[in-house]
Amino acid sequence: MFHFLRNINCLGFVGLLLFVGIFYAVAISYVLHFIGFSSNSAAPVQEALFAKGWLRVFVMAVLVGPLFETALHQLLIRRVMQRAGFESRMGYVLISAIAFGLAHSLGLQFWGAFIFGLLLAMGFVARDFPGGHPYLLVACVHSLRNAVSFVVFLFAA
């Protein structure tokens, strides 16, 4: 998997990770609905959109948030682990995904964020070579996925 992500072009990388990120979110939603979890996780987001203004929420969720979270959950963790001599890619992926999941832990949202964190961390470590642009590509995937979620929440209201 790392080898494939490492060798795919930048546009293919962003497109693939974005597709997988949206696909798993839809799949998880259907599975949770099928087994009887019908809590409306969109309600708090929708309330925030209207209470704080949709433009402010858009800027934070689609622009600022992904840049900050990618720096914190992928870049910082990867560099600290490298400096400490810990080079296990799978160890990094798990630690990064757990941190990402915990940062988004509102009930069942942890698991969705954990899975998305796995995807982002795998992408980051696969592109972590000179000229691979791991920070920019992973932040772009994160931002685009948040943009899709934003539009869905905005029009679901």
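To convert a position in the sequence shown, counted from 1, into the numbering used here, add 10. All C-beta atoms in this analysis are idealised placements derived from N, C-alpha and C, irrespective of residue type, glycine included.
- Below 8 Å, too few C-beta pairs join the region 89–102 and the region 110–127 to call them touching: fewer than three.
- With respect to the C-alpha of residue 164, the residue from 26, 63, 37, 24 having the closest C-alpha is 63.
- Secondary structure note for residue 100: its alpha helix (DSSP H) is the uninterrupted segment 99–113.
- In the DSSP annotation of this structure, the continuous segment of the alpha helix (DSSP H) that includes residue 122 starts and ends at 119–136.
- Taking 8 Å as the upper bound for CB-CB distance, residue 11 and residue 132 are in contact here, some 6 Å apart.
- Three or more pairs of CB atoms, one per stretch, sit closer than 8 Å, so the region 67–75 contacts the region 148–162.
- Within the region 11–93, the runs of alpha helix (DSSP H) at least 4 residues long that lie entirely inside it are, in chain order, 12–17, 20–44, 52–62, 64–68, 75–80, 87–93.
- Rounded to whole angstroms, the gap between the alpha carbons of residue 106 and residue 19 is 24 Å.
- Residues of the same chain with a CB within less than 7 Å of the CB of residue 122, apart from the 5 flanking positions on each side, are 35, 38 in chain order.
- When rounded, the separation of the alpha-carbon atoms in residue 44 and residue 68 is 30 Å.
- When 148, 150, 108, 134 are compared, the shortest CA-CA separation from residue 124 is found for 108.
- In the three-state scheme derived from DSSP, where H, G and I count as helix and E and B as strand, residue 152 is classed as helix.
- Ranking 25, 145, 136 by CA distance to the CA of residue 17 puts 136 first.
- Between residue 88 and residue 102, the beta carbon gap of about 6 Å places them in contact (Cβ cut-off 8 Å).
- With contacts defined as CB atoms closer than 8 Å, residue 145 and residue 104 fail to qualify as a contacting pair.
- With a threshold of 16 other beta carbon atoms within 10 Å, residue 13 falls short and is exposed.
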